[in-house]
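Residue numbers (the working numbering): 18 to 231.
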């Protein structure tokens, strides 16, 4: 199923479903009494969801027969950036009407906007360098280090959401738990790999001595 040539198309169309839902509701006048706020919140939700989905691919692919999930990680990451652009664009165009001075004041003074803006800016180089050509230019190791910025984006997104809602923080806490689990898994995997690497180096140093005494 995951290796089917239609799988990527199916995932692509599924990723467009939130946008299709927004357009449908807009066409039928069903964007609530405050449509700008509704669009801003909905696109922000989906930005964070796609960031979490992107982070989830690496641990999920360790499940037997789920290795092909890696095929969809780049697409999910780009959709996180896409919905981030819609979220940020709604704030710029519909909320602030391209008043750059007013927007800059908000970025400086309102902490939830500051951290949200930071998270979005961190997504930009990740989207730009998501192609195979950029992997070759940067080299695999440097490319991987750069793309670890998504960890900071995820943390910034959770903080942005938490500071935004102020009172009912149940959903931000749910996202915080998900992001925390995904980052903790990565930390655990890194520690295991580091320990194995050290064990391998120690064994390599001991082999000549064993041979000499044999």
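Virtual Cβ for every residue (Gly too), placed ideally from N, Cα, C.
Small disclaimer: the values here were computed from a predicted structure and weren't measured.
| message | Pop quiz: residue 69 and residue 192 are said to be a contact at Cβ under 8 Å. What is the actual Cβ separation, rounded to whole angstroms? | response | Counting from 1 along the chain shown, the entry for residue 69 is found at position 52. Counting from 1 along the chain shown, the entry for residue 192 is found at position 175. So it is a contact: roughly 7 Å between Cβ atoms.
| message | Strictly under 8 Å for the Cβ-Cβ distance: is residue 211 near chain C by that measure? | response | You won't find chain C in this structure, because it holds only one protein chain.
| Is residue 108 buried or exposed, if buried means 16 or more other CB atoms sit within 10 Å of its CB? | As a first step, residue 108 must be located in the chain shown, where it is residue number 91. With 16 or more other Cβ atoms within 10 Å, it is buried.
| So, are the CB atoms of residue 60 and residue 103 less than 8 Å apart? | Translated into positions along the chain shown, residue 60 becomes position 43. Translated into positions along the chain shown, residue 103 becomes position 86. The answer is yes: Cβ separation under 8 Å.
| request: Specify whether the segment 76-91 and the segment 35-44 touch according to this definition: at least 3 beta carbon pairs, one from each stretch, less than 8 Å apart. | output: Too few Cβ pairs lie closer than 8 Å, so no.
| query | Just checking my contact of residue 152 with residue 162 at CB under 8 Å: how many whole Å lie between their CB atoms? | reply | Residue mapping note: residue 152 aligns to position 135 of the chain shown, counting from 1. Residue mapping note: residue 162 aligns to position 145 of the chain shown, counting from 1. With a Cβ gap of about 12 Å, residue 152 and residue 162 do not count as contacting.
| task | Thinking residue 203 and residue 147 are a contact (beta carbons under 8 Å), I'd like their distance in whole angstroms, please. | result | The residue given as residue 203 occupies position 186 in the chain shown. The residue given as residue 147 occupies position 130 in the chain shown. About 19 Å; that fails the 8 Å criterion.
| message | Let's test the definition: count the other Cβ atoms within 10 Å of the Cβ of residue 110 and tell me whether it reaches 16, buried, or not, exposed. | response | Residue mapping note: residue 110 aligns to position 93 of the chain shown, counting from 1. By the 10 Å Cβ count, residue 110 comes out exposed.
| Residue closest to residue 124, alpha-carbon to alpha-carbon, out of 134, 195, 115 | Locating residue 124 in the chain shown gives position 107, where the first residue counts as 1. Nearest C-alpha to residue 124: 134.
| said: Please tell me whether residue 57 and residue 116 are closer than 8 Å, where the distance is taken between their beta carbons. | reply: Counted from its first residue, the chain shown places residue 57 at position 40. Counted from its first residue, the chain shown places residue 116 at position 99. No, these two residues do not count as a Cβ contact at 8 Å.
| Apart from the five residues just before and just after residue 234, which ones in its own chain have a Cβ nearer than 7 Å to its Cβ? | In the structure as shown, the chain begins at 18 and stops at 231. Residue 234 is therefore absent and cannot be evaluated.
| request: Please name the residue in 149, 71, 126 whose C-alpha comes closest to that of residue 166. | output: As a working note, residue 166 is residue 149 in the chain shown. When each option's Cα is compared against that of residue 166, the closest is 71.
| Classification of residue 65 by the beta-carbon crowding that lies within 10 angstroms, buried from 16 upward | By 1-based counting over the chain shown, the position of residue 65 is 48. Per the 10 Å Cβ criterion, buried.
| request: Just the C-alpha distance for residue 118 and residue 47, rounded to the nearest angstrom, thanks. | output: Position 101 of the chain shown, counting from 1, holds the residue named residue 118. Position 30 of the chain shown, counting from 1, holds the residue named residue 47. Each residue's Cα considered, the two are about 32 Å apart.
| task | Taking all protein chains shown into account, decide if residue 176 is buried (16 or more other Cβ within 10 angstroms of its Cβ) or exposed. | result | Counted from its first residue, the chain shown places residue 176 at position 159. Only buried fits residue 176, as 16 or more other CB atoms lie within 10 angstroms of its CB.
| task | Leaving aside the five residues before and after residue 155 along the sequence, list all residues of the same chain whose C-beta is less than 8 Å from its C-beta, in chain order. | result | Position 138 of the chain shown, counted from the first residue, corresponds to residue 155. 146, 163, listed in sequence order.
| field | Status (buried if at least 16 other CB within 10 Å, exposed otherwise) for residue 81 | value | For this step, residue 81 is matched to residue 64 along the chain shown. Exposed, because fewer than 16 other Cβ atoms sit within 10 Å of the Cβ of residue 81.
| task | Please state if the CB of residue 129 and the CB of residue 181 are separated by a distance shorter than 8 Å. | result | Taking the first residue of the chain shown as position 1, residue 181 is located at position 164. Taking the first residue of the chain shown as position 1, residue 129 is located at position 112. It is a contact, given that the beta carbons lie within the stated cut-off.
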